[in-house]
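Asks: What follows is a structure written as structure tokens; I'll ask about it next.
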Amino acid sequence: MEDNTKIQKSNWLEELSAKSWSLEMTISGAVTYVVSLLPRQIDKGLDYYLEHLAPSQSKIALMFPILSYSFFMVVAWLLIGFFIGHLCVRALWVGTVGLHAAFPAGIRYENIPNVSEHFKDLARERYGTLEGFIKRLDNLSNKMFALAFALAMVFTGIGIIYLVAFSIIISLRNTLQPETLTLLSRGFYFTTFVVAVLIIGFNYYAKKRQVSDQVGRRFAKFQMAFGYFANPLFARSVNYLSLTFLSNVSRRTYYGGMVFIMIFMMFSTILVTLRKVYQLSGRTLNLERAYFSQGSFEYKFSSDAYDSLRPEENAVPFISIPSDFVQETYLPVFVKYPRYLDDRIEKLCGEINTTPDEHGSKSSQREKLDSMRIDCLSRFFQLKLNDSLYTSTNWMFAEKENSKGLITYLDVNNLSSGKHTLTILVPSKSRSDTTEVYAMLHFWHP
């Protein structure tokens, strides 16, 4: 009776798996589409951080956010690759099943024309039957689908922990000293690393030497609790998948695959980080053209600087105008003001606060404060057209595509025909009595 029950359960599971392939392809296709949107959203997240949250632009301060950006970008592309690979394997399986339905006999080696008997014997030995190939494709597809979802759940858990820790750090930035905040963040990451190393070390020690049942069980509970802490949403599901893989494949295959994925992600993260650092520093990581631009302002045409040429999904650059070809009398110029400039502006202007006036209204106080801030920013952002430096620029606060900054209108009616250069200068980081180029663009006048 028990054997019949086991057979019925086994048949039920086999029937379910046989009928689920179409749903599997639908889910995989939908997940592939959703995951394909991640790289652009990760780009937007880093752009938002650099513009609105980054306290400075130093390479040391930005290294951890850029490394995190690179890690999640590699994760996104890795998941895209896994799900697309699964779709391809499952599609091949569907095509092979259809071929078997058309030719139920499968591969008839004895009927293969124009080949020797030795080739037929070798082909029969190497390829086997069509049914066997279909089963292998089905098994591979199922494993890829489960592995892709396991990786997706693991990396989603890591992403949630990172976002929570990052949000806490951002919220504490204004209340704690920078040294204290740095110490707390480093302590958190160091503690997590030490706990992970202790778990691995104890497991290795327990295999080599016998430990008491009480100690072993307590540590096993701690190990399981740490897994739930590291991935509270998907720990149970990930354990089902990972333990199934670990108990059914060889250790060499399991750990070899894990090591390969880790090495691949490490090198990919380094490459993405280098590319992003070069991009943020205004340089290009050019590996295809020996004589192409190194990203200098003077000789580079950036389409993002022109509203008519910039793709909708791209962020507004440091300086932008409506078009690269200007025919109107007045030219609107928008200059972006990111948060990390606050410290440099404060060195120039100091803290700007209005003195409370008993007879003045709140609106007049705000108007006075804005006037003082505009005056400060007018001294910080200096506008230069060709070789002429504007001594008086009527800046106004403005927002453009979720970016905060300043806008002014230049009279370009009397400009000569041809190319013109618009430059924004700011006080130098090293010496306050000198200036450096903040942004530059070129436009043409008829």
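Counting in my numbering, the sequence shown runs from 300 upward without gaps. Note that beta-carbon positions come from the ideal geometry of N, C-alpha and C, so glycine has one too.
Using only alpha-carbon positions, find the residue among T479, L483, Q522 and I469 that is nearest to A495.
Replies: Comparing Cα positions, the closest option is Q522.
Asks: Taking DSSP as the reference, what is the three-state secondary structure of G397?
Replies: helix
Asks: If I follow the unbroken alpha helix (DSSP H) through K646, where does it start and stop?
Replies: D641 to C648
Asks: For E409, which of helix, strand or coil comes out of DSSP?
Replies: helix
Asks: State the DSSP-derived secondary structure class of F633, mapped to helix, strand or coil.
Replies: strand
Asks: Mind checking who V571 pairs with in its DSSP beta bridge?
Replies: Per DSSP, none; premise fails for V571.
Asks: If we ignore side chains and look at the alpha-carbon of each, how far apart do S731 and F489 end up?
Replies: Going by the C-alpha atoms only, they are around 39 Å apart.
Asks: What is the residue span of the beta strand (DSSP E) that D710 lies within?
Replies: S702 to D710
Asks: Check E735 in the structure and name its three-state DSSP category.
Replies: Here DSSP, grouped into helix, strand and coil, assigns E735 to strand.
Asks: Just reading off the beta strand (DSSP E) that A697 is part of, what are its end residues?
Replies: M695 to K699
Asks: Should F492 be labelled buried (16 or more other beta-carbon atoms within 10 Å of its own) or exposed?
Replies: exposed
Asks: Would you identify the three-state DSSP class for Y368, choosing helix, strand or coil?
Replies: helix
Asks: Figure out for me which residue from M565, L630, F591 and L349 has the closest Cα to the Cα of H741.
Replies: L630
Asks: Can you find the residues in the same chain that come closer than 7 Å, C-beta to C-beta, to E323, ignoring five residues on each side of it along the sequence?
Replies: R389 and F444
Asks: Comparing C-alpha positions only, which one of G555, V625 and E650 sits nearest to D606?
Replies: For D606, the closest of G555, V625 and E650 by C-alpha to C-alpha distance is V625.
Asks: Leaving out five residues before and five after S415 in sequence, what residues of the same chain have Cβ atoms less than 8 Å from its Cβ?
Replies: Contacts found: none.
Asks: Under 8 Å by Cβ, that's how I've got F617 and I706 pegged, so tell me the actual separation to the nearest angstrom.
Replies: Actually they do not touch by this definition, with Cβ atoms about 13 Å apart.
Asks: In its own chain, which residues sit with a C-beta less than 6 Å from the C-beta of A353, not counting the 5 before and 5 after it?
Replies: Y639
Asks: Could you check if S687 is buried or exposed, using at least 16 other CB atoms within 10 Å of its CB as the buried criterion?
Replies: exposed
Asks: Check whether the Cβ atoms of T428 and I406 lie closer than 8 Å to each other.
Replies: yes
Asks: Who are the near neighbours of L436 in its chain, counting only those whose CB is closer than 7 Å to its CB and skipping five residues on each side?
Replies: V388, L391, W392 and T395
Asks: Quick check on the burial criterion: 16 or more other C-beta atoms within 10 angstroms. Buried or exposed for H385?
Replies: buried
Asks: For G380, name the three-state secondary structure that DSSP assigns.
Replies: helix
Asks: Around the C-beta of K635, are 16 or more other C-beta atoms found within 10 angstroms, so that it is buried, or is it exposed?
Replies: So K635 counts as buried.
Asks: What did DSSP end up calling P338 once you bin it into helix, strand or coil?
Replies: Correct three-state label for P338: helix.
Asks: I'd like the span of the beta strand (DSSP E) that includes G594, first residue to last.
Replies: Neither: G594 is in no beta strand (DSSP E) and is coded neither H nor E.
Asks: Using the Cβ count rule (16 or more neighbours within 10 Å means buried), how would you classify I569?
Replies: exposed
Asks: Taking the alpha-carbon positions, what's the Y737 to K728 distance?
Replies: Answer to the nearest angstrom: the Cα atoms are 11 Å apart.
Asks: Ends of the beta strand (DSSP E) at K683?
Replies: Q681 to L684
Asks: How about D623 and L608: do their beta carbons lie closer than 8 Å?
Replies: yes
Asks: Got a sec, what are the start and stop residues for the alpha helix (DSSP H) H417 sits in?
Replies: E416 to Y426
Asks: For my contact list, L721 and L684 are in at a C-beta cut-off of 8 Å; report their separation, rounded to the angstrom.
Replies: 6 Å
Asks: Reducing DSSP to helix, strand and coil, say where I499 ends up.
Replies: helix
Asks: In whole angstroms, give me the CA-to-CA distance for Q664 and M695.
Replies: Approximately 17 Å between the Cα atoms of the pair.
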